[in-house]
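Numbering (this note's numbering), first residue to last: 83 to 231.
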Amino acid sequence: MPPLKNKKKKPVTPETEELRYGDLAIRENHLEKWPAPSCGTPLEIRISFPEFTCLCPRSGYPDFATIHLRYRPSDLIVELKSLKLYLNSFRTSHISHEESASIIYKDLMRLLKPHFLEVVADFNVRGNVKTVITLHSEMGETPEKDKTH
């Protein structure tokens, strides 16, 4: 059997890079809403996403977190695959812990208009600092209308 030829790889640049199917799915994704099931009793939904990643806006180093969502739907629920892809879209964003949690909260509040929504962004320790951000509201209030802060 002849020896394998050492093929030179072309350098990857934005012009030559082909998107992988996962990257393409994330880029083309939009949060989807579905009608909430009619079960005759109030429904509370809890979702945990243990692989959240974003980039530090100062250093560019990755930050890792578990995102916990809890909500009581009014008429709509979030479709889970679209939520997963939405949360994965932060992995290339240079964004603070607080801003990422705030954007997630506002986007879900705008999409679902739930009776209650809580977003907890529990970030891993980095530089000997542990950060947990919690945002919540009652009856569809947005942070701007919250009179307790």
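The beta-carbon is built from N, C-alpha and C at its ideal position, and this holds for glycine as well.
First through last residue of the beta strand (DSSP E) which encompasses residue i
i	result
A118	A118 -> no beta strand (DSSP E), and no H or E assigned at all.
Burial state of residue i (16 or more Cβ within 10 Å)
i	result
H179	buried
C121	exposed
Y143	exposed
P124	exposed
V211	exposed
P155	buried
T230	Because the pLDDT of T230 is 43, which lies under 50, any placement of that residue in the model is unreliable, and the question is left without a value.
V160	buried
Y103	exposed
V201	buried
L162	exposed
Residues bridged to residue i (per DSSP)
i	result
Y153	I127 and L199
C136	D145
H218	E200
T213	F205
I159	W116
Enclosing alpha helix (DSSP H) for residue i [first to last residue]
i	result
L190	H179 to L194
L101	No alpha helix (DSSP H) contains L101, which DSSP labels as neither H nor E.
L165	L162 to N170
Whole-Å CB distance - residue i paired with residue j, under 8 Å assumed
i	j	result
L165	L113	7 Å
S219	L199	6 Å
F205	T216	Wrong, their Cβ atoms sit about 12 Å apart, outside the cutoff.
C-beta atoms of residue i and residue j nearer than 8 Å
i	j	result
T148	S130	yes
I186	P139	no
L158	K195	yes
F146	L169	no
I127	L167	no
C136	S184	no
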